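Number 574 marks the last residue of the sequence shown (our numbering); no jumps. Written below as structure tokens is the structure these notes are about.
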Amino acid sequence: GLDGPASSLFAWLAPEMRQPLRTVFSNLWLFRPVVISQMTKKPSTNALARTTQAVTMLSGSLQDNVLPQRAWAVVNLRLHPRDTQASALARLAEVIDDPTITLSPYPSGLNGEPSPISRDVGAPGFDTITGAIRALRPDVVVAPGLTVGATDARRFVDIADDVYRFMPLQLTEPERAAIHGTDERVKLDNLALFPAFYRQVIRRGAGS
């Protein structure tokens, strides 16, 4: 479903869209099934609507002429904020439907529950970030969103009221597709945005 950050994202973006998309995203109560159907077809938007998964490691027999006595797989789950480890494992068990297969959380530092959803308008951190973005790029539409990968920001959840994941990057579709993949890169123009953005954040934070 389109709840939490995804709902906020489209509420902010809908007034800036052209027709007919403005009508569609301004009336998700009516068009929600159509929007979800389209979003789940693209990797770049699929994780906004649901928990996603990808098999990242597989192991079985060590010889090409020996049947494996034991096989295992690592499945990387990007949990949607409305899900938990327990609910995701229960869903996997239901889909696999094989009592001989054991499911358990992977012992990794990246393993954990979804982070709490941070506040938007009116929260000091959010207002500082949006103000910094608009100061540098007044032509850009600012909206809350959902970061679908684990970041170091999760270390601050227990000591901060709100934790925001944001980088001042402008990425094309091929550049987004290359993240954690072959030929991952950013343009030099993007690197120039970083110090300019953080100067704005520090100045605005110091004045708040």
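Cβ atoms here follow ideal geometry from the backbone N, Cα and C, with glycine treated the same way. Given the structure is predicted, the values throughout are model-derived calculations rather than measurements.
Beta-carbon spacing of residue i, residue j below 9 Å
i, j, result
"L394", "S373", "yes"
"H446", "T417", "yes"
"Q311", "G478", "As shown, the chain starts at 367 and ends at 574. That puts residue 311 outside it, with no answer to give."
"L428", "I402", "no"
"T422", "N442", "yes"
"L455", "P465", "no"
"Q566", "A489", "no"
"P504", "D486", "no"
"G497", "D527", "no"
"S392", "P381", "yes"
"A652", "L424", "Since the displayed the chain opens at 367 and closes at 574, residue 652 lies outside it and no answer follows."
"T575", "A420", "Residue 575 falls outside the range modelled here, since the chain spans only 367 to 574, and no answer is possible."
"L375", "L512", "yes"
"F560", "P534", "yes"
"V581", "W378", "Lying before the first or after the last residue shown, residue 581 is absent from the chain, which here runs from 367 to 574."
Rounded Cβ spacing between residue i and residue j (contact assumed at less than 8 Å)
i, j, result
"V361", "S481", "Lying before the first or after the last residue shown, residue 361 is absent from the chain, which here runs from 367 to 574."
"R436", "V514", "Contact flag wrong, Cβ pair sits at about 32 Å."
"I499", "V506", "6 Å"
"P371", "I483", "6 Å"
"E550", "A544", "5 Å"
For residue i, the three-state DSSP class (helix, strand or coil)
i, result
"L559", "helix"
"L537", "coil"
"F376", "helix"
"R384", "coil"
"F532", "coil"
"D505", "coil"
"T496", "helix"
"D518", "helix"
"T548", "coil"
"T389", "helix"
"V401", "helix"
"L512", "coil"
"V523", "coil"
"L368", "coil"
"A572", "helix"
"A543", "helix"
One or two residues paired with residue i in a DSSP bridge
i, result
"V441", "V421"
C-beta neighbour in chain D for residue i, strict 9 Å
i, result
"G571", "Although the question refers to chain D, the structure presented lacks it and comprises just one protein chain."
**Request:** Mind listing, in chain order, the continuous beta strand (DSSP E) runs of no fewer than 3 residues lying wholly within the stretch 408-438?
**Result:** 418-425
**Prompt:** What beta strand (DSSP E) runs, 3 residues minimum, are completely inside the stretch 437-487?
**Reply:** 438-444
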